[in-house]
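In the working numbering, the protein residues as written are 15 to 220.
Note that the Cβ used here is the ideal one computed from N, Cα and C, for glycine as well.
Scroll down for the structure; my scribbles are underneath it.
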Ligand code: HEC
Ligand code: HEC
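What follows is the structure, given as structure tokens:
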């Protein structure tokens, strides 16, 4: 019951409060695709492009929603989600307390102590278990991304489209007050992934 009450407070405050603005932290830059042209060997260039894109893929904004256990994590420290949220019933969380109870269609300011905003997106849900990235190193994530059994049966072209245009992916560059943006821009990130696929989608060495 206490958990439900907490959820209602979050949902209510998200609906009407204006909350603190919060100053945005400077965005870590991403190298442009052109800066990799000096690497003559396409396989090496490909792996280097993926390593650069890895700055985004391994940022807390992505990893928090791609956890190894069915529990999302929060913040740049990737601490356990408060209140405890176990998504064993499905990607939307427990039936009585789905993600959308607190996560609205957009980021919402709050007056809750220590929380500048509740992140939001119309499709807010946990990444399925086979797409877990936490606990893997970058070569491991790279291999998983290419594996149709673990990437939602996507072709490499579909992975490019997902990285470039998906709304949940895009949220990482508009994460709401109190959170660091993913490095660079979604456009720059999408260009790196596209160039990675065009050069043979080679993974960095383990
Ligand atoms: C709010 C939670 C959330 C956030 C934040 C999030 N994802 Fe996901 N991600 C998901 C869900 C849910 C799916 C499964 C969707 C599907 O298969 O249609 C998914 C699937 C994916 C996939 C396709 C499957 C795979 O793993 O190969 C990629 C690629 C991906 N996400 C990349 C990212 C990147 C890059 C970021 C950060 C810039 C990110 N995601 C942030 C929830 C999230
Ligand atoms: C009872 C309310 C509530 C429910 C239900 C809830 N969340 Fe959250 N969630 C929050 C709040 C509040 C924050 C912001 C905490 C902060 O920034 O310190 C948050 C933050 C997050 C973050 C961190 C984003 C980041 O990068 O820092 C993720 C990921 C997340 N929630 C995923 C989920 C998922 C997935 C579900 C459903 C399975 C869910 N949440 C259900 C309240 C909730």
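Fewer than three Cβ pairs drawn from the region 170-181 and the region 123-131 lie within less than 8 Å of each other, which leaves the two stretches out of contact.
Rounded to whole angstroms, residue 213 and residue 77 show a C-alpha spacing of 26 Å.
In terms of side-chain proximity, the C-beta atom of residue 165 is found nearer than 6 Å to a non-hydrogen atom of ligand 1. Taking the C-beta atoms as reference points, residue 100 is found nearer than 7 Å to residue 84.
DSSP lists 93 as the beta-bridge partner residues of residue 88. In this structure, residue 65 keeps its C-beta atom at 7 Å or more from the C-beta atom of residue 207. DSSP places residue 132 within a strand segment (E or B) once states are collapsed to three. For residue 210 against residue 135, the beta-carbon gap comes to about 25 Å, at or over 8 Å, which does not count as contact. Three or more beta-carbon pairs separated by less than 8 Å link the region 188-198 to the region 107-121, which places the two stretches in contact.
Following the DSSP letters along the chain, one finds residue 199 in no alpha helix (DSSP H), marked with neither H nor E. In this structure, the straight-line span from the alpha carbon of residue 110 to that of residue 93 is close to 23 Å.
Residue nearest to residue 46 within the set 150, 152, 198 is 198 (criterion: CA-CA distance). Proximity to residue 86 across 163, 62, 59, 148 peaks at 148, based on C-alpha coordinates. Nearest in C-alpha terms to residue 219, of all of 202, 183, 155, is 155.
For residue 80, the closest of 159, 48, 125 by C-alpha to C-alpha distance is 159. A distance of 7 Å or more separates the beta carbons of residue 150 and residue 215. The C-beta distance from residue 140 to residue 72 rounds to 18 Å, too long to fall under 8 Å, and the pair is not in contact. Here the C-alpha atom of residue 116 lies approximately 31 Å from the C-alpha atom of residue 202. At a cut-off of 4 residues, the continuous stretches assigned as alpha helix (DSSP H) that sit fully inside the region 155-186 are 170-179, 181-185. Between the alpha carbons of residue 55 and residue 166 lies a distance of about 31 Å.
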